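Asks:
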Amino acid sequence: MNVFTHPYRLLLIDDDESIFNLIKRYVDLRYEGLFVIDYCQTLDEAKKYLEDEEKNFHVAFVDIHLDGGKKPWSVVEEMLSTNRGIQIVALSGDETLITTLECYTNGFRYFINKPVDRKKVYDILDRCADHLNYWHELVKTRL
């Protein structure tokens, strides 16, 4: 993965295409040229995406109830095993403590409740961009 170039790639995994359309609109309005989005609607699509070595991404937004209620833990584990620097954000309408703790213990960095709030998306993407820009600039000074 090339973490040192813009635009940063955001992978969105959600079985609800309206979530993709909403987040894409938010990203296009505020982060044009900084983030681009790739989209997978199922766990199988996400697994195929991860197998493609040409597909590099920096941030992932992942619905935690996919394909009829399946949890994405194996996909998240694969993301983390191939790129420890990836920032993974949970998307869910399930606000229970157990779900929150499952996300934390499975490597998610942030959590966004559904329905998706624009300010929350911006807050989290600002943090992700700051993290990526920090490393981008650090590496540039050492080239």
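Numbering-wise (the numbering used here), the sequence shown opens with residue 4 and increments by one. Virtual Cβ for every residue (Gly too), placed ideally from N, Cα, C. This structure is a prediction, so every number in the text was calculated from the model and none was measured.
Under 8 Å, with one C-beta from each stretch per pair, do the segment 61-73 and the segment 85-92 reach the 3-pair mark?
Replies: yes
Asks: Which full runs of the alpha helix (DSSP H) of 4+ residues lie inside the segment 101-131, going along the chain?
Replies: none
Asks: Taking 8 Å as the threshold (C-beta atoms), are residue 114 and residue 103 in contact?
Replies: With respect to residue 114, residue 103 sits close: the two C-beta atoms are nearer than 8 Å.
Asks: Find out if the Cβ-Cβ distance for the pair residue 53, residue 80 is shorter than 8 Å.
Replies: no
Asks: Using only the alpha-carbon positions, how far apart do residue 16 and residue 144 sit?
Replies: 34 Å
Asks: Would DSSP call residue 89 helix, strand or coil?
Replies: coil
Asks: Can you tell me the Cα-Cα spacing of residue 106 and residue 127, whole angstroms?
Replies: Taking the straight line joining both Cα atoms gives about 16 Å.
Asks: Note down the Cα distance separating residue 140 from residue 33, rounded to an integer number of angstroms.
Replies: Here the alpha carbon of residue 140 sits roughly 21 Å from the alpha carbon of residue 33.
Asks: Going by DSSP, what residues sit across from residue 16 in a beta bridge?
Replies: 43, 65
Asks: Do the CB positions of residue 40 and residue 83 come within less than 8 Å of each other?
Replies: no
Asks: Output needed for residue 76: all residues of its chain with C-beta closer than 6 Å, excluding positions within five of it in sequence on either side, in chain order.
Replies: 109
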